[in-house]
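Protein chains: 2
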Amino acid sequence: MSASRRDHLVETATGLFERDGFHATGIDHILAVSGVAKMTLYNHFKSKEELIIAVLDFRDRQFMAWLRAQVERSANSPEDRLLAIFDALESWFRTDTFNGCLFLGATLEYADRDHPIHVQAAIHKRHVFDYIMSLAEQTIGLDARLLSQQFLVLYDGAISVAHTLGAPIAARQARRAAEAILDAQG
Amino acid sequence: MSASRRDHLVETATGLFERDGFHATGIDHILAVSGVAKMTLYNHFKSKEELIIAVLDFRDRQFMAWLRAQVERSANSPEDRLLAIFDALESWFRTDTFNGCLFLGATLEYADRDHPIHVQAAIHKRHVFDYIMSLAEQTIGLDARLLSQQFLVLYDGAISVAHTLGAPIAARQARRAAEAILDAQG
DNA sequence: GTGCTCCTATACCAATCTGTCTGGTTACGA
DNA sequence: TCGTAACCAGACAGATTGGTATAGGAGCAC
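Below you can see the structure in the form of structure tokens.
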């Protein structure tokens, strides 16, 4: 067992939360799947809520690293990279573990905007926005802020449509919309 | 009590599910808030799942009627109406009961695509798409299908961003993106 | 060896979950 | 007035929830 028990727990819980949601996934189920003892969990996390926050933090780092790598491998100019985000989305949608956005799910299940889980989930969306923004700022002649806000809408919309309708092609439609926005501004 | 007990139950449950989610809202809580007896509920619905499906059906009809009325009151040409959808969204986002998309939440909490609840929730998204499509088809010179798909992405994206980041302004950004798409096609 | 830390295993707790059962009340129509 | 249908109130069942308590095993440093 190379990874620590804590990491193993977080990774297992991530998969289960992503598949079934937060309330629907019980502590006992996470323990059974991960093969970890209950007291070990409560030794590392003082509550389920704290575990969820750790999961959101882990998934944020993991996903952002994956997204950056995917984008930077397939495109070089900032403009192409902005569009490559949607190509990355499509390949994510086509994995068989895709089940919508874990973070959006967290904000829906813990809707109170001050709830620690909601706050933690919102941080991820900020990270996505910041990444888009960093690419937009490298492209001269753009209203970087407006464009980033619009791209974030396309980004989240593609995820939602792909999930609710089971239509990975939503990513391509979002990309074409993004191209139209770029053309209108550039 | 003018409305039937059944209707009263469905409307109360809609509000609670919208605020707290499905798994987090217990039957007993719905009964306490609505002031209905447990056996009355189980007389009308054979399970919580059946109640949820009734809620999704009710909310679909209610929301679509509201959206149509809002759009048709504020714009006359099909093209203006396509854009007025996003104005309607913004006024929805600014209500103090706005809590993201109930239907998207349903598909996340019941992720299995064959689950009756997931199926029922997806129907609503189809209805939104069909409405957009009906407007797009009245506007000549458009690839109605592609445009509708892109608008649906903007529609869902605006809801998601508005909810996760608490930013009703996402609707206006979506509208500007929609204008760019229209300009590019028209 | 002794102690310390991390882990397992299992029993347990109180609360809550969905759903059932019983028995009584209210309203209304024939 | 009688019957019936809808509803209420509350107890109850069985499973599951998040979380705690207890006892002991395994690996490692001194």
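These protein sequence lines map, in sequence, to chains A and B. All letters in the first sequence, in the order written, are residues 1 to 186 by this note's numbering. All letters in the second sequence, in the order written, are residues 187 to 372 by this note's numbering. For each residue, glycine too, the CB sits at the ideal point set by N, CA and C.
- C-alpha distance - L333(B) paired with A171(A), whole-angstrom precision: In the second sequence, counting from the first residue as 1, residue 333(B) sits at position 147. In the first sequence, counting from the first residue as 1, residue 171(A) sits at position 171. C-alpha separation (whole angstroms): 14 Å.
- Task: Assign H23(A) to one of three DSSP states: helix, strand, or coil.
- Result: The count along the first sequence starts at 1 and reaches residue 23(A) at position 23. Three-state result, H23(A): coil.
- Query: Apart from the five residues just before and just after F129(A), which ones in its own chain have a Cβ nearer than 7 Å to its Cβ?
  - Reply: Numbered from its first residue, the first sequence carries residue 129(A) at position 129. Around F129(A): S148, L152.
- Query: To the nearest angstrom, how far is it from the Cα of R299(B) to the Cα of I309(B)?
  - Reply: The sequence position of residue 299(B) within the second sequence is 113, counting from 1. The sequence position of residue 309(B) within the second sequence is 123, counting from 1. Going by C-alpha positions, R299(B) is about 12 Å away from I309(B).
- Query: For the 8 Å Cβ check, are there 3 or more pairs between the segment 70–90 of chain A and the segment 130–142 of chain A?
  - Reply: The segment 70–90 of chain A vs the segment 130–142 of chain A: in contact.
- State whether the segment 87–96 of chain A contacts the segment 3–23 of chain A, with contact taken as three or more CB pairs (one from each stretch) at a distance under 8 Å. Under the 8 Å Cβ criterion, the segment 87–96 of chain A does not count as touching the segment 3–23 of chain A, having fewer than three qualifying pairs.
- Helix, strand or coil: how does DSSP classify I132(A) here? Your numbering for residue 132(A) matches position 132 in the first sequence. Helix at I132(A).
- Message: Check this for me: beta carbons of G286(B) and H209(B), under 8 Å apart or not?
- Response: Here the question's residue 286(B) lines up with position 100 in the second sequence. Here the question's residue 209(B) lines up with position 23 in the second sequence. No. Outside cutoff.
- Message: Give me the residue from G166(A), A180(A), Q138(A), R145(A) with the minimum Cα distance to Q336(B).
- Response: Along the second sequence, read from residue 1 onward, the residue named residue 336(B) stands at position 150. It is A180(A).
- Message: Classify K311(B): buried if its beta carbon has 16 or more other beta carbons within 10 angstroms, exposed otherwise.
- Response: Here residue 311(B) corresponds to residue number 125 of the second sequence, with the count starting at 1. Taking all protein chains in view, the Cβ of K311(B) is crowded by 16 or more other Cβ atoms within 10 Å, so the residue is classified as buried.
- Straight-line CA distance for I326(B) to R361(B)? Indexing the second sequence from 1 puts residue 326(B) at position 140. Indexing the second sequence from 1 puts residue 361(B) at position 175. Cα atoms of I326(B) and R361(B): separation of roughly 20 Å, rounded to the nearest angstrom.
- Is it right to say E204(B) is buried, meaning 16 or more other beta carbons lie within 10 angstroms of its own, or is it exposed? As a working note, residue 204(B) is residue 18 in the second sequence. So E204(B) ends up on the buried side.
- Message: Going by beta-carbon coordinates alone, are L16(A) and I27(A) separated by less than 8 Å?
- Response: Your numbering for residue 16(A) matches position 16 in the first sequence. Your numbering for residue 27(A) matches position 27 in the first sequence. Not in contact: L16(A) and I27(A) (Cβ atoms no closer than 8 Å).
- Message: For chain A, check one thing: does any of its Cβ atoms lie closer than 8 Å to the Cβ of T350(B)?
- Response: Against the second sequence, residue 350(B) aligns to sequence position 164. T350(B) counts as touching chain A.
- Item | Reduced DSSP secondary structure (H/G/I, E/B, other) of K311(B) | Looking up residue 311(B) in the second sequence gives position 125. Helix.
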